[in-house]
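K.L.:
Per the numbering used here, residue 23 is the first one in the sequence shown, and the count goes up by one each step.
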Amino acid sequence: MKTVSILGATGSVGTSTLDIVERHPDLYRVAALTAANNVNALADAAVRTRASLAVVADDTRYAELKERLAGSDCRVASGPEGLREAAAGEADWVMAAIVGCAGLEPVMAAVSAGKTVALANKEALVTAGALMTDAASRSGGIILPVDSEHNAIFQCLGTRNCETVRRLVLTASGGPFRTWSAVAMADATPKQAVAHPNWSMGAKISIDSATMMNKGLELIEAHHLFGLPSDRIDVMVHPQSVIHSMVEFIDGSILAQMGSPDMRIPIAHTLAYPARVESGAERLDLIRFGQLTFEEPDEARFPALRLAREALEAGGNAAIVLNAANEVAVAAFLAGRISFGEIAKMAEEALASRPNTSPASIEDVIAIDAVARRQAQTNLEGAAA
Ligand code: NDP
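In structure tokens, the structure reads:
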């Protein structure tokens with residue numbers, strides 16, 4: 023019996039993880055579940071799964087969660103200390119599914135405690151990739167990629183050495199605006215931008231998919247997970263989202279991983295790894311698709327992709343600054359404060375004006391992230407005034 027904790031249990035990836043765990047009560051026992059402030063969904067899941075710990079990140083919701091779980095065997099905690107306990111406590115396997123850089127400290131706590139970490143929270147790896155992989159080597163922790171593209175590459179690589187790899191190919195659906203002109207896209211609404219054609223996801227990653235910043239962050243993520251340089255990681259638009267990514271080897275062979283666009287497939291892979299379990303996902307019917315198509319990404323209409331590659335190649339603090347500015351810009355877009363076209367502009371401005379520093383510790387990453395967020399907020403307020 024594997025003991026599992028889910029950080030971000032009330033989100034899109036978190037609830038998909040709970041769905042698989044609850045299908046297999048004979049295989050998995052829930053240790054800790056966390057949320058930012060959705061006390062109702064957190065308490066319901068904790069009662070259903072008989073979790074031993076429920077953590078709400080927002081301290082002001084502690085009393086409410088405590089009341090909701092009164093009479094159950096589930097302990098209640100809150101704030102950063104509670105998140106750390108959920109990450110580094112009794113679980114063998116930890117799902118990292120908090121959205122944004124807010125997940126960085128709990129992920130590092132789990133990795134440093136030597137856990138097997140199923141990593142969905144790409145922003146944590148984008149901002150602190152080298153520090154995280156170093157921490158895993160020191161602690162014996164294992165990072166298993168949940169992002170469908172990286173999970174696909176991980177499956178294609180198997181036990182093969184990356185020296186036999188010519189390049190990695192990350193596939194991208196192209197998002198809801200794949201065929202839109204730059205002019206039409208500039209004024210797209212949040213409702214149009216979150217309407218992903220193939221995947222059902224949380225709001226932030228859905229906007230990132232629409233700008234293609236998501237693919238840019240995945241490029242940086244792939245570099246940290248698989249150790250290949252930027253010029254050996256390509257992006258290909260594949261609108262059907264059937265092939266989740268590919269690996270081209272030096273002998274010319276290309277291996278691809280396919281499946282329905284359902285996050286329960288990569289999540290189940292990391293949960294059972296190296297075994298397999300039933301995920302509940304719909305089986306892939308290739309005949310229904312008939313054709314699979316591929317296109318070159320258009321970096322003129324989707325500048326976020328180019329910006330992320332530039333940040334990866336620049337190193338130092340570039341990816342942290344890019345990610346922070348993007349998180350602030352996406353929140354501002356969702357709140358109706360800026361247009362869709364301004365998201366990438368804010369990220370570009372932040373990259374161009376950043377001081378050149380390099381983080382040597384997680385504390386440095388958090389400090390660089392905080393300064394970049396403040397700067398992006400100031401720029402926003404300046405533009406609105
Ligand atoms: P959601 O927005 O659906 O869920 C986010 C989860 O994190 C919720 O449980 C939320 O709690 C919690 N959370 C949010 N902010 C904080 C915070 N400051 N402190 C602690 N907890 C917090 O996100 P997704 O599930 O879509 O994405 C999660 C991560 O996985 C992201 O990094 C995303 O890029 C990545 N990912 C997602 C995929 C998907 O299909 N959704 C695919 C591949 C990767 P609450 O509900 O209380 O707000």
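Ideal Cβ placement from N, Cα and C applies to all residues, glycine included.
(1) On the DSSP bridge list, what partners appear for E240?
(2) Counting Cβ pairs closer than 8 Å, one from the region 48-57 and one from the region 76-83, do we hit at least three?
(3) By the three-class DSSP mapping on this structure, what secondary structure does H218 have?
(4) If I follow the unbroken alpha helix (DSSP H) through T37, where does it start and stop?
(5) Name the two residues that bound the continuous alpha helix (DSSP H) containing R323.
(6) In chain order, what are the residue ranges of uninterrupted alpha helix (DSSP H) at least 4 long that sit wholly in the region 362-397?
(7) Grouping DSSP H, G and I as helix and E and B as strand, with all else coil, what is A76?
(8) Under the criterion of a Cβ to heavy atom distance below 7 Å, does T221 qualify as lining ligand 1?
(9) Need the endpoints of the beta strand (DSSP E) that I28 sits in, please.
(10) Mind pulling the alpha helix (DSSP H) runs of 4 or more residues that sit fully within the region 274-338?
(11) Locate the alpha helix (DSSP H) running through T71, then write down its first and last residues.
(12) In three-state terms, what does DSSP make of D114?
(13) Alpha carbon to alpha carbon, how far is L190 from I272? Give it in angstroms, no decimals.
(14) Using C-beta distances below 6 Å, list every residue in its chain close to E270, excluding the 5 sequence neighbours before and after it, in chain order.
(15) Helix, strand or coil for T56, going by three-state DSSP, please let me know.
(16) Does the Cβ-Cβ distance between H291 and Q177 come in under 8 Å?
(17) The beta strand (DSSP E) that contains T138, what's its start and end?
(18) With DSSP as the reference, label L179 as helix, strand or coil.
(19) Rounded to the nearest angstrom, how far is the Cβ of A346 from that of A398, given a contact under 8 Å?
(20) Where does D81 sit, in a helix, a strand or coil, going by DSSP?
(21) Does S252 get closer than 8 Å to chain B when you measure Cβ to Cβ?
(22) With a threshold of 16 other CB atoms inside 10 Å of the CB of I242, please say whether the residue is buried or exposed.
(23) Hey, which unbroken runs of the beta strand (DSSP E) at 3 residues or more fall wholly within the region 138-175?
(24) Residue range of the alpha helix (DSSP H) that E349 falls in?
(25) Report yes if the C-beta of N173 is less than 7 Å from at least one heavy atom of ligand 1; otherwise report no.
(26) What's the C-alpha gap between Q262 and E103?
(27) Take R359 as the anchor and find which of L373, N401, E318 and A372 has the nearest alpha-carbon.
(28) Between G111 and G136, is the Cβ-Cβ spacing less than 8 Å?
(29) Going by C-alpha distance, which of H246, P198, I227 and L91 is nearest P167?
(30) Between the C-alpha atoms of I175 and G238, what's the straight-line distance to the nearest angstrom?
(31) Identify, in the order they occur along the chain, each residue of the same chain with its Cβ nearer than 6 Å to the Cβ of P251, setting aside the five sequence neighbours on each side.
(32) Between the C-alpha atoms of K24 and V350, what's the straight-line distance to the nearest angstrom?
(33) Just to check, is the beta-carbon of G104 closer than 7 Å to a non-hydrogen atom of ligand 1?
(34) Give me the Cβ distance between G302 and D48, rounded to the nearest whole Å; I'm assuming they're in contact under 8 Å.
P.N.:
The short version:
(1) In the DSSP output, where bridge partners are listed per residue, E240 has none listed.
(2) yes
(3) coil
(4) S34 to R45
(5) For R323, no alpha helix (DSSP H) run applies, since DSSP gives it neither H nor E.
(6) Fully enclosed alpha helix (DSSP H) runs of no fewer than 4 residues occupy 363-374 of the region 362-397, in order along the chain.
(7) In the three-state scheme derived from DSSP, where H, G and I count as helix and E and B as strand, A76 is classed as strand.
(8) Reading off the sequence, residue 221 comes out as Trp, not Thr. True, at least one ligand heavy atom lies under 7 Å from that Cβ.
(9) K24 to L29
(10) 286-294, 308-311 and 325-336
(11) Secondary structure note for T71: its alpha helix (DSSP H) is the uninterrupted segment V61 to T71.
(12) In the structure shown, D114 sits in coil (DSSP, three-state: anything other than H, G, I, E or B).
(13) 11 Å
(14) R188, R189 and I276
(15) strand
(16) yes
(17) T138 to L141
(18) DSSP places L179 in helix when its eight states are reduced to three.
(19) 6 Å
(20) helix
(21) Looking for chain B here will not work: only one protein chain is present.
(22) buried
(23) 138-141 and 164-167
(24) A340 to L356
(25) no
(26) Linking Q262 to E103 through their CA atoms gives a straight-line distance of about 42 Å.
(27) When only C-alpha atoms are compared, the closest one is N401.
(28) no
(29) H246
(30) Taking the straight line from one Cα to the other gives about 16 Å.
(31) No residues qualify anywhere along the chain.
(32) Taking the Cα positions, K24 is about 37 Å away from V350.
(33) no
(34) Contact flag wrong, Cβ pair sits at about 16 Å.
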